[in-house]
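Residue numbers (the working numbering), protein chains in the order written: chain X, 1 to 201; chain B, 202 to 471.
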Amino acid sequence: MKKISTLAVLLLALPGAWADQGDTYAEFKAMMDRSFKTTGIAPKHRMYQLDFQKECSQEKQPPKAVMDRIEAEQMKTIRYPADGKYFGDWKEGEKIAVSGRGLTWTDKTPYNNGGGCYNCHQMSHHEVSYGTIGPSLLEYGKVRGNSDDIVKYTWGKIYNAKAYNACSNMPRNGDAEILTEQQIKHLMAFLFDPNSPVNKK
Amino acid sequence: MVIRQKYLVAALAVGLAGAPLLAAASDDLLEGINAYREALADGNPSELVAAEGEELWKTPRGPKNASLEKCDLGLGPGVVKGASAQLPRFFKDTGKVQDLETRLMTCMETLQGLDPKAVVNAGWLKGEKEKMAALVAYVVTESNGQKIKVDMRHPEMKKMYDLGKLAFYHRAGPMDFSCATCHGDQGKRIRMQELPDLRTQEGAAAGWGSWPAYRVSNGQFWTMQHRLNDCYRQQRTAEPIYGSDVTIALSVYLAATANGGKVMTPGIKR
Chain X
1 MKKISTLAVL LLALPGAWAD QGDTYAEFKA MMDRSFKTTG IAPKHRMYQL
51 DFQKECSQEK QPPKAVMDRI EAEQMKTIRY PADGKYFGDW KEGEKIAVSG
101 RGLTWTDKTP YNNGGGCYNC HQMSHHEVSY GTIGPSLLEY GKVRGNSDDI
151 VKYTWGKIYN AKAYNACSNM PRNGDAEILT EQQIKHLMAF LFDPNSPVNK
201 K
Chain B
202 MVIRQKYLVA ALAVGLAGAP LLAAASDDLL EGINAYREAL ADGNPSELVA
252 AEGEELWKTP RGPKNASLEK CDLGLGPGVV KGASAQLPRF FKDTGKVQDL
302 ETRLMTCMET LQGLDPKAVV NAGWLKGEKE KMAALVAYVV TESNGQKIKV
352 DMRHPEMKKM YDLGKLAFYH RAGPMDFSCA TCHGDQGKRI RMQELPDLRT
402 QEGAAAGWGS WPAYRVSNGQ FWTMQHRLND CYRQQRTAEP IYGSDVTIAL
452 SVYLAATANG GKVMTPGIKR
């Protein structure tokens, strides 16, 4: 169901998103259309943008009113765990954080993806090979505690980072079906569990 | 190769996806990787690929049984020295802006009678694409040390620059990534890999100026088309068609931004 609704949004968004700009933009649209092809699990329509993707495709961030609107829209996509349980197994979470695999046209299936967290974030005491595009998450749970608010916020941020920062570089792991609910639970445990190397030296 | 064992091991480990846990501190590690690259640059394995390409350049091939020695890469028929430092450029005979690889396809078609589709449809480093990589290695070696000097006066070049810039910021796909996600800020890394800020002259010169390159981790020589293709793969977008306009537009945007920088091709990468 989710896949279908995303596609519907995307198709509806297209004409509006690509209409009212000058000649250069019309040419750009035509260029993108003839320059890409479907390969494996990566269909050509991945090049067509969602509304917010288009609004975040400029040198500078959109105006605050636009950012606010995008964030409100994205906030509605967040689904919290149905069983009310936010935490899985931190050891599984670590594996997901390490793996940067999934969703390329050379991947066999659109499932079983990694979170790629270490590509951009420092996370644990023992992993020195981490990226710096995102903020350090070292001692995440230790520093922030585990109040309902911070737990809920963290779930939401992993599920759809655009709900908190419209043009965030971070993928919408839940909303875009990159990770499953169970995988997000494992990541939550990795971030919050006192025994996880994120928090324990 | 004068390089400390610890650094070499660390640098190699970083080259693998899902690298194992490393003991060294990250600054040490980066320093080690840079030392490792310098050591490798002394004997760039691209030389072998380039030698193959030079041979291929001079060898008659195709239905017309001709060599590429009269190929015009922009500086006149047969002039290879410095040619790739000034690409992409607008070519009157095709009426198009072309990068090195699409221009070589034109020469293969007109001089040798070879069908460009054989290159476009081949797998990376297979068949005609393997030959293309060798030709590219040869040509770009002949611009090493020159200045990046892309002529932006033609209106078609300006148009491609504008389109390339739009493509650079175009967020799409399940991860909402664009080129700018990783290459739109200063001093960032993915894992231990430092990322050039391609919006700036310095960053673009570092990136554009050091590709095509030999990749030590997989022992492959990659052309710029191959490099851009893999960037899109990792962005999780759809696949750009070989030599398509988006690849030319992005190349113009990068090369123009890099103008004045130094050509270090063929580069050497982890």
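We treat Cβ as the ideally placed atom computed from N, Cα and C, and that holds for glycine.
### Query
Who are the Cβ neighbours of Arg144 (chain X) in its own chain at under 7 Å, not counting the five residues just before and after it?
Excluding residues up to 5 positions away in sequence, Ile150 lie with their Cβ nearer than 7 Å to the Cβ of Arg144 (chain X) in the same chain.
### Message
Assuming His384 (chain B) and Ser57 (chain X) are in contact, meaning their beta carbons sit under 8 Å apart, how far apart are those beta carbons, in whole angstroms?
### Response
The pair is not a contact, with the Cβ atoms about 14 Å apart (cut-off 8 Å).
#### Entry: Option in B:Glu253, B:Gly462 and B:Ala456 with minimal Cα separation from Phe369 (chain B)
When each option's Cα is compared against that of Phe369 (chain B), the closest is B:Ala456.
### Runs of beta strand (DSSP E) lying entirely within the region 269 to 297 of chain B, each at least 3 residues, in chain order
For the region 269 to 297 of chain B, whole beta strand (DSSP E) runs of length 3 or above, ordered along the chain, are 290 to 292.
### Task
May I ask you to list, following chain order, the residues of the region 425 to 438 of chain B that have a beta carbon less than 8 Å from some beta carbon of chain X?
Listed in sequence order: Arg434, Gln435, Arg437 and Thr438.
### Query
So Pro43 (chain X) and Ala439 (chain B) are in contact, right, with Cβ under 8 Å, and what is the actual spacing, rounded?
With a Cβ gap of about 6 Å, Pro43 (chain X) and Ala439 (chain B) count as contacting.
### Message
Going by DSSP in three states, Gln313 (chain B) sits in which element: helix, strand or coil?
### Response
Gln313 (chain B): helix per DSSP, three-state reduction.
#### Entry: Closer than 8 Å at the beta carbon, the chain X residues around Cys383 (chain B)
The answer, in chain order, is Ile133.
### Message
What does the alpha-carbon distance come out to for the pair Gly462 (chain B) and Leu191 (chain X)?
### Response
C-alpha separation (whole angstroms): 43 Å.
### Query
So is Lys185 (chain X) buried or exposed if we call it buried at 16+ other beta carbons inside 10 Å?
Lys185 (chain X) comes out buried.
### Task
Determine whether the Cβ of Ala450 (chain B) lies closer than 9 Å to any Cβ atom of chain X.
By this cut-off, Ala450 (chain B) is an interface position.
### Query
Using DSSP with H/G/I as helix, E/B as strand and the rest coil, what is Ala323 (chain B)?
Coil, per DSSP.
### Residue-chain proximity (Gly165 (chain B), chain X), Cβ-Cβ < 9 Å
With chain B covering only 202 through 471, there is no way to say anything about residue 165 (chain B).
### Query
For a contact meaning CB atoms closer than 9 Å, what does Leu103 (chain X) contact in chain B?
The contacting residues are Gly374, Pro375, Met376 and Arg437.
### Task
Flag Ile96 (chain X) as yes if its beta-carbon sits less than 9 Å from any beta-carbon of chain B, otherwise no.
Chain B, which has no Cβ nearer than 9 Å to the Cβ of Ile96 (chain X), makes this no.
### Query
Would you call the region 421 to 438 of chain B and the region 101 to 114 of chain X in contact, with 3 or more CB pairs under 8 Å?
Note that the region 421 to 438 of chain B touches the region 101 to 114 of chain X; at least 3 beta-carbon pairs, one per stretch, sit closer than 8 Å.
### Query
Does Ala42 (chain X) have its Cβ less than 9 Å from a Cβ in chain B?
Ala42 (chain X) counts as touching chain B.
#### Entry: Cβ of Ile474 (chain B) within 9 Å of any chain X Cβ
With chain B covering only 202 through 471, there is no way to say anything about residue 474 (chain B).
### Query
In whole angstroms, what is the alpha-carbon distance linking Pro246 (chain B) and Lys54 (chain X)?
The straight-line gap from Cα to Cα measures roughly 42 Å.
### Any alpha helix (DSSP H) of 4 or more consecutive residues that is wholly inside the region 130 to 191 of chain X
You should have 140 to 144 and 148 to 159.
### Message
Comparing C-alpha positions only, which one of X:Ala176, X:Glu59 and X:Tyr130 sits nearest to Met393 (chain B)?
### Response
Of the listed residues, the one whose Cα sits closest to Met393 (chain B) is X:Tyr130.
### Query
Which of helix, strand or coil does DSSP assign to Glu73 (chain X)?
Of the three classes helix, strand and coil, the one that applies to Glu73 (chain X) here is helix, per DSSP.
### Task
Would you kindly work out how many angstroms separate the C-alpha atoms of Pro278 (chain B) and Met32 (chain X), rounded to a whole number?
Straight-line Cα distance between these residues: approximately 33 Å.
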